[in-house]
Every structure is written in structure tokens, then in C-alpha cells.
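Visitor: Here the sequence shown is numbered in the working numbering, starting from 32 and rising by one per residue.
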Amino acid sequence: MDCPRSRYARFPRRLAALAPLVAALALLITAAVGCATLSGDGDSTARADTVAADTAAVPATIAADPAARRRTTRADTAEAGRFDRGRMWTFDDPPTDYFEQKYDFTPDDEWFRRARLGALRLPNCTASFVSPRGLVLTNHHCARELAASTAEEGEQMIQNGFYAETQEQERRVDDLYADQLVAIEDVTGEVEAALEGAQTDAERAEARRQVVEDIKQRRTGEVDGENLRTEVIALYDGARYSAYTFRRYSDVRLVMIPEADVGYFGGDPDNFTYPRYTFDVSFFRVYGENGNPLEPEAFFPFAPDGSEAGEAVFVVGNPGSTSRGETVSQLAFRRDVSDRALLAFLESRRAAFEDFAGEDPSEQMENQLFTLRNATKRYRGRLEALNDPYILARRRDAQEDFQAAVEADSSLREQYGRAIAEMNRIQQQKRELGDRYRAFLMMENPSYASATLRRALVARRLLERREAGASEEQLSELREELLGVADQPAGLDRRLLEARLRDLREHLSDSTAQAVLAGRSPATAAREIVEGSALRSTDAAREVLEASTLSAGDPALETVSGLYTLFQDFQSARSGLEARQQEVARRLGQARYAVRGADVPPDATFSLRIADGRVSGYEYNGTVAPPYTSFYGMFNRYYAYGDGTPWDLPERWLDRREALDLGAPLNLASTNDITGGNSGSPVLNRDLQLVGVAFDGNIESLAGDFIYLPERARAVSVDTRGLLEALDSVYQADRLTRELREAGAVETARR
32 MDCPRSRYAR
42 FPRRLAALAP
52 LVAALALLIT
62 AAVGCATLSG
72 DGDSTARADT
82 VAADTAAVPA
92 TIAADPAARR
102 RTTRADTAEA
112 GRFDRGRMWT
122 FDDPPTDYFE
132 QKYDFTPDDE
142 WFRRARLGAL
152 RLPNCTASFV
162 SPRGLVLTNH
172 HCARELAAST
182 AEEGEQMIQN
192 GFYAETQEQE
202 RRVDDLYADQ
212 LVAIEDVTGE
222 VEAALEGAQT
232 DAERAEARRQ
242 VVEDIKQRRT
252 GEVDGENLRT
262 EVIALYDGAR
272 YSAYTFRRYS
282 DVRLVMIPEA
292 DVGYFGGDPD
302 NFTYPRYTFD
312 VSFFRVYGEN
322 GNPLEPEAFF
332 PFAPDGSEAG
342 EAVFVVGNPG
352 STSRGETVSQ
362 LAFRRDVSDR
372 ALLAFLESRR
382 AAFEDFAGED
392 PSEQMENQLF
402 TLRNATKRYR
412 GRLEALNDPY
422 ILARRRDAQE
432 DFQAAVEADS
442 SLREQYGRAI
452 AEMNRIQQQK
462 RELGDRYRAF
472 LMMENPSYAS
482 ATLRRALVAR
492 RLLERREAGA
502 SEEQLSELRE
512 ELLGVADQPA
522 GLDRRLLEAR
532 LRDLREHLSD
542 STAQAVLAGR
552 SPATAAREIV
562 EGSALRSTDA
572 AREVLEASTL
582 SAGDPALETV
592 SGLYTLFQDF
602 QSARSGLEAR
612 QQEVARRLGQ
622 ARYAVRGADV
632 PPDATFSLRI
642 ADGRVSGYEY
652 NGTVAPPYTS
662 FYGMFNRYYA
672 YGDGTPWDLP
682 ERWLDRREAL
692 DLGAPLNLAS
702 TNDITGGNSG
712 SPVLNRDLQL
722 VGVAFDGNIE
732 SLAGDFIYLP
742 ERARAVSVDT
752 RGLLEALDSV
762 YQADRLTREL
772 REAGAVETAR
782 R
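(1) Determine the burial state of Asn652: buried for a count of at least 16 other Cβ atoms within 10 Å of its Cβ, exposed for fewer.
(2) Exposed or buried, what is Leu539 when buried is set at 16 or more other beta-carbons lying within 10 Å of its beta-carbon?
(3) In the DSSP assignment, find the unbroken beta strand (DSSP E) run with Val263 in it and report its ends.
(4) Where Ala265 and Thr636 are concerned, what is the direct C-alpha to C-alpha distance, given to the nearest angstrom?
(5) Buried or exposed for Gly392, please, with buried defined as at least 16 other CB atoms from any protein chain shown within 10 angstroms of its CB.
(6) Would the region 586-601 and the region 542-551 be scored as touching if the rule is three or more Cβ pairs under 8 Å?
(7) Arg316 to Arg462, Cα distance in whole Å?
(8) Would the region 412-426 count as touching the region 361-368 if we require 3 or more Cβ pairs under 8 Å?
(9) Restricting to Cα atoms, I'd like to know which of Tyr308, Gln434, Glu328 is closest to Leu699.
(10) What span of residues does the beta strand (DSSP E) with Thr157 cover, start to end?
(11) Please look up how many angstroms separate the CB atoms of Ala270 and Tyr624, rounded, as I've assumed it's under 8 Å.
(12) Considering only the beta carbon of each residue, do Thr304 and Ile641 sit closer than 8 Å?
(13) Taking only the alpha-carbon atoms, compute the straight-line gap between Ala725 and Pro713 and give it to the nearest angstrom.
(14) Run through the region 286-324 for me and flag every whole alpha helix (DSSP H) of 4 or more residues, listed as ranges in chain order.
(15) Does Arg371 pass the burial test, meaning 16 or more other C-beta atoms within 10 Å, or should it be called exposed?
(16) Can you give me the start and stop residues for the alpha helix (DSSP H) that Gly412 sits inside?
(17) Out of Arg573, Gln613, Leu472, point me to the one whose CA is closest to Phe601's CA.
(18) Do Met267 and Pro633 have their CB atoms nearer than 8 Å?
(19) So, are the CB atoms of Pro154 and Thr706 less than 8 Å apart?
(20) So what does DSSP say about Pro696, is it helix, strand or coil?
(21) Hey, could you find the ends of the alpha helix (DSSP H) Met473 is sitting in?
(22) Assign Ser564 to buried or exposed, taking buried as 16 or more other Cβ atoms, counted over all protein chains shown, within 10 Å of its Cβ.
(23) Buried or exposed: where does Glu682 fall if 16 or more other Cβ atoms within 10 Å of its Cβ makes it buried?
(24) Measure the beta-carbon distance from Gly753 to Leu697 and round it to whole angstroms, keeping in mind my assumption that it falls under 8 Å.
(25) May I ask you to verify whether the region 559-574 touches the region 480-490, counting CB pairs closer than 8 Å and requiring at least 3?
(26) Using CA coordinates, which residue listed in Leu566, Gly775, Arg449 is at the minimum distance from Ala435?
(27) Whole angstroms is fine: what's the gap from Ala764's alpha carbon to Leu758's?
(28) What residue range does the alpha helix (DSSP H) around Val615 cover?
(29) Determine the closest residue to Thr251 out of Val263, Val242, Thr276, Ala238, with distance taken between C-alpha atoms.
(30) Starting from the N-terminal side, write out each stretch of the beta strand (DSSP E) that is 3 residues or longer and does not extend beyond the region 699-727.
(31) By the 10 Å Cβ neighbour count, where 16 or more other Cβ atoms means buried, how is Arg260 classified, buried or exposed?
(32) If we ignore side chains and look at the alpha-carbon of each, how far apart do Leu389 and Ala329 end up?
(33) Looking at the secondary structure, which residues open and close the alpha helix (DSSP H) in which Glu453 lies?
(34) Can the beta-carbon of Gly723 be found less than 8 Å from the beta-carbon of Val749?
(35) How would you label Asn323, buried or exposed, when you count the other beta carbons within 10 angstroms and need 16 or more for buried?
(36) Name the DSSP bridge partner or partners of Gln241?
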């Protein structure tokens, strides 16, 4: 099947030239997702180091090696691989030799410097400079709430999108900033020296806190420039420490954001899946102190020809967190207790928000539901990974290899030989708190806990301290904390309180539940508490505080009193175990670093990393996912599902369909190692030209919190060719596309 009018029509011809299986599937794939080709990555064998896989093929290592297929399912023969802990390399120790071995490519210091300076960290995502005039590219889902905050009265920013046709129309976003990493210093020795005299976990924690503050002040003063701030990043669970100094840009203005229907095309059903057809992009501009667009030292121009299947690509971004350094017993605790409890919590709170959304169909409520749905799906995938015997067996094999290396060295054996056993004991003690963990999870979380209940917990502390003779200053701080709890709509407050009361009834003893519920159902108790408590709102709470009439007889306080001591004891026990766990994890990190050094990258820490990979399709659901999707697939989904579904399209897109080159690549899949926090990361070729912007991973990538499996996991990105095509043909954003195209010429001249 050809792609009419498309300059990308060569894709199906490549498909037909592949293996017979792919040729047989070509028509099906083209109809569903547009023109495509397929490629494999070379790291799918268990012990493989750097196997090249530049030729296009159905994931070659699986198709050609039946044993590789068996290794993905048979736990009894699972073996750890070199890259099980991932390929999120730090800029502290760039993997130059590995890149040369893997890709026949040796980037120099200037290459890494430009890659570092071109990337930005937003409060919860990644972004990058893409023009010499401070233009910044990130994801739609990173910008939707921020963009909505700039909306004028009656303007439906999320629904209709926004485009500034002139520079004067660009809108400043008050709460948005962008941090650029400008300097890195290894401060491990300084931190370790400060910890030497500490005898207890508490003393170590305080010594660490103090030396970190000292380093932050010192480094911020030493680095040239203005608007600087320093963070001390713990790498390898605290085996290494680096001081990262950032330049913060606070004048950031909205340039363009598409409609939510395309920015989140496919909605929750398509989230964490591939093939995808999502236009998940947005543009901002950074302005300098003089009020003019910033002229950044480095930026990433769009690659004129995009990428090709099998091509090496590099994601530069800020992955949030992973747990690949945890022991098997820690993963088992997650599987049986913490992650299982968190998933149940997210599902119940999602139900509460969805039930209330009928009363409040606002954009703010839709944003909160977006976050909850995203988290629920993510943790469901994490839990499935933790229940996969192959993944746990592979992690166990890695742990046994590590323990053997420690035992083989007398010095390491003496220092760290019992560390895993110590961690196992801590996990067993944490399991003994399992019911209370489930009952009290996120008890004081500002987003998903009842505001009335949160005020009651603070009020209980306030009354307790008052009776104990606390100073007026201490009491004043508690009053401010109580009044600082933001109001919630009464209907949402009641539903969240009901969900909490259900948790308490299910996981605490009958006597405790009876003391809290007093024979009532959770629904009845929640309604009576919210309606009858003086802590139901900030104004009502202020009145009783000013009149000194707050009493233990308040319905919310009575509820809290029945579980307060148990809650406090749980918090104390948990914090003690977490402190011990952190210290043992630090020792394990030191041991791992002694065994492997920087050849194994550390867990993600929401700090800048570079992840290598290849553009590649993969086998799934008995078929093959292509490396690229196109606008054909987007419109196919729309016509298959129709209006009013997650695959609905805005009128603007339907009106301009004939103008679109439907064969243009819209999304791409690659083997880059990413996780939450990487959203908005630039996907670069070896010339530091932009070929995509990462926005998601496939469902298989959710196991990446615990292990990196490139034969399964894929990063999903918006292809820059499809990005430009939509800006040109749908939005007719001439000012924006002209700037993006001219950026390439400017970058060439700079070199």
C-alpha cells in the first residue's frame, strides 16, 4: 500500500524488502499506522555487551535466536546482563569509550558540553533550547497546567490550545522556571569527611545535611554567573556525591501549545503504549534579564532529514527515579506491600475524583484526573513487572554475582559482606508494619488526602502541645500550618475522607476501626464529619482558633483521636527503619561502585543524564510494532472510534486533513533508557541535531524502574518531521516554523 502525496512513501518499499514475516504484515501495518520500517537493537541477549545491529530486521536477536526468546520467559535460566541497571549515563563520567565501541563514534568534551548546555530541567520535566533566540521545546503534558494558568477570562486553553503569532503575544508563566546545568564538581571526599565522626544514623543524617548546605553555598559563590543555585546529588545511593550548579531562567513565556485532543491523543487507553499517534509538544521562550529573548550558548537544531531505523540516537534529560540498585528483598517488599498498597490507594482516589468530576467538570479537575490516571497505569505496570518471575530471577542472578565479587575480595568482604543480609532483616521488619502502611498511606498528602482530616491532625498536635506547655511561638507555627491547608470542594473532601475511612476499616483492628467509625459506615461517617466539623474550611477553622473554642469534641478531632497514637507510632517506626535502610543502601552503593565503578550508571535522581539507543521496532502481541507511525494512523484511530472518544480530533485538524502529508512520521520508538522526568527530553543524532522529543514509554518499559530490558522496552517520541508538518499544515505557524528551520543555518555558522 503506497502513501499518496507523501515524500516518505519509500517506507512501504523497505518493508516489502524485509523478511517474509514482515512482508506479510506490511499491508496491515501500513493501514494501521502509516508507512514504516523495522529495526532491532543489539542488546537483547542476556550477557551481550555491545552487539551491533545496524541492519533493518524484525528484532534480529530474537528472530534469529530461539534461545533469546526463551530467556525472556524462563525464570529458571535467567541471567543478568551487563546493562540490566540501564544506560542513563551521567555527565560526570561520560561513556566515551563505550560509545566508540558500540557506535564507532567518539564524542569529545565539547560535544558533551553542548549536549549539557542545550538541555533544560523544568520543575517536573525536561526541555531543550531549539533556536538561537531562546525557543524551548517540551511536551504538551508538561505544559498543560502551566499554560492554563495564563488563560484569560473565558479562554479554554487546554481545549483549544494557544499560538502566539507575534513575539508580543507570548505569555509569561509566573510559576515556571528552567534550570541549565552549568558546572559539576565531585564532592564525595568532602561529604565522607563530614560523616567520619558520626556514630548513629541520626548523627550521619544531620552531618550530611550540614555539609550539603555548606557545599551548596560554597559552589554557588565559586561559579561565574548570575541566578545560580547548587544542588548536591547523591549518586550510587550515596556512594558518590556531585555538586551540580544550575543557572535558573525565571522569565519563561508560552509560545505554542496544541489542543488537548492531540496533545493527549488516545487518552488513558493509549498512555504507556506503542504504536502511538500523539502530538505531545509545546513551545516556550526564555527571556534574559534585559527583557529580550535569550541567546543561549548551545541549542539543538532540527535534523533536516530526521532519523532512520537502526540509527543511533541519544536522549538528554532528567530521569526522575529508578530502583535498580535495590536488593531482591526490597523488590519483594514492593511487590507484596508498598507498591501493591500504593496501587490500591491510587485506584480508590481515582474513583473518588472521577465520582466528583461530575459535579466539577473544570480544567483543574481534569488535570488532577490526568495525573491520577497516569500514576495508576504506571504503578499497575510496575506491579506486573514485580510479579514477573523472569525479572526477579534476573535481578537475583545479578545480586548473587555482586555478592560473589564482594566475597572474593577480603577488604570488601570485611566492609560489606553482611550488607545484603542486613537489608533483608530491615525488609522483614517493614513487613510487620504492612497493615498500618496500607491504612495510613499518604495520610497527609496535600493532593489526595481530605483537607478536613489534615487540619484535624494538625489541630490534634496543637492541642497536645498546648496542654504540654509549648511556647506561643511553637503554637503559632502550628496554627499557621493548620490554616495553610488549602480548601477542597466539600464533595471532594467528603469522598476523600470516605476513602480513608474505608482504608482504616479494612487494615486496622476492629477496636480501632470501631473507635473511628462509632458504628457508622465510612460514607455516613465522612458526611457527618465534613458537615459538622469546624475544620471543614480555612475560614471556619480560623474562627474557632481566634475564639479559642476549638475542642476535642469536634467531629474531625474525635475521629483523629481514635487513631492518633497509632499513627504517630507508625510514623516513628517507619522513619527509623527508613533511616537504617538508607545507611545500608549507601554501603551497598559503595560496594557496587568498588566492584564496577562508573561502568554501571547510577539510579535516576532527576539530574541530567544521557541515554544511548537506536530507533527500533519490536515484537508485541503476536505482531511487530514499527519504528515509526504516521498521521495515517492518527486519522485511522479517529475514524475507527469516532467523536467523543479519547481518539477525537479537533475541528482544526479535520478541516486541514487534506493539507497534511499523512505519510510524515509522527511518533518514533527507540531503545533509549528513559523514565518519568524524561518527558520533554531531546532525542538527538550524533551531530546533536534534534530528531524527536521524548514523551512516553511503551507498557513494557514500566519494568524499567527495576531493570532495563531493551528487547522489550521502548522510548516513544514525537518525530520532528511530523512536528514540522503539523505546525506548517494544521497550525500554519509560519513564525515558529521559520525560526526552527533557520536555527539549523545559525548552528552551522557557529561551528
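Ideal Cβ placement from N, Cα and C applies to all residues, glycine included.
Guide: Straight from the coordinates:
(1) exposed
(2) buried
(3) 259-266
(4) 8 Å
(5) According to the sequence displayed, residue 392 carries Pro and not Gly. Exposed, by the Cβ-count rule.
(6) yes
(7) 49 Å
(8) yes
(9) Tyr308
(10) 157-160
(11) 4 Å
(12) no
(13) 6 Å
(14) 291-294, 298-301
(15) buried
(16) 394-417
(17) Leu472
(18) Reading off the sequence, residue 267 comes out as Tyr, not Met. Contact: yes.
(19) no
(20) strand
(21) It is not in any alpha helix (DSSP H) - Met473 carries neither H nor E in the DSSP assignment.
(22) buried
(23) exposed
(24) 4 Å
(25) yes
(26) Arg449
(27) 5 Å
(28) 595-627
(29) Thr276
(30) 713-715
(31) exposed
(32) Residue 389 is actually Gly in this sequence, not Leu. In a straight line, the C-alpha of Gly389 is about 47 Å away from that of Ala329.
(33) 450-462
(34) yes
(35) exposed
(36) DSSP lists no partner for Gln241.
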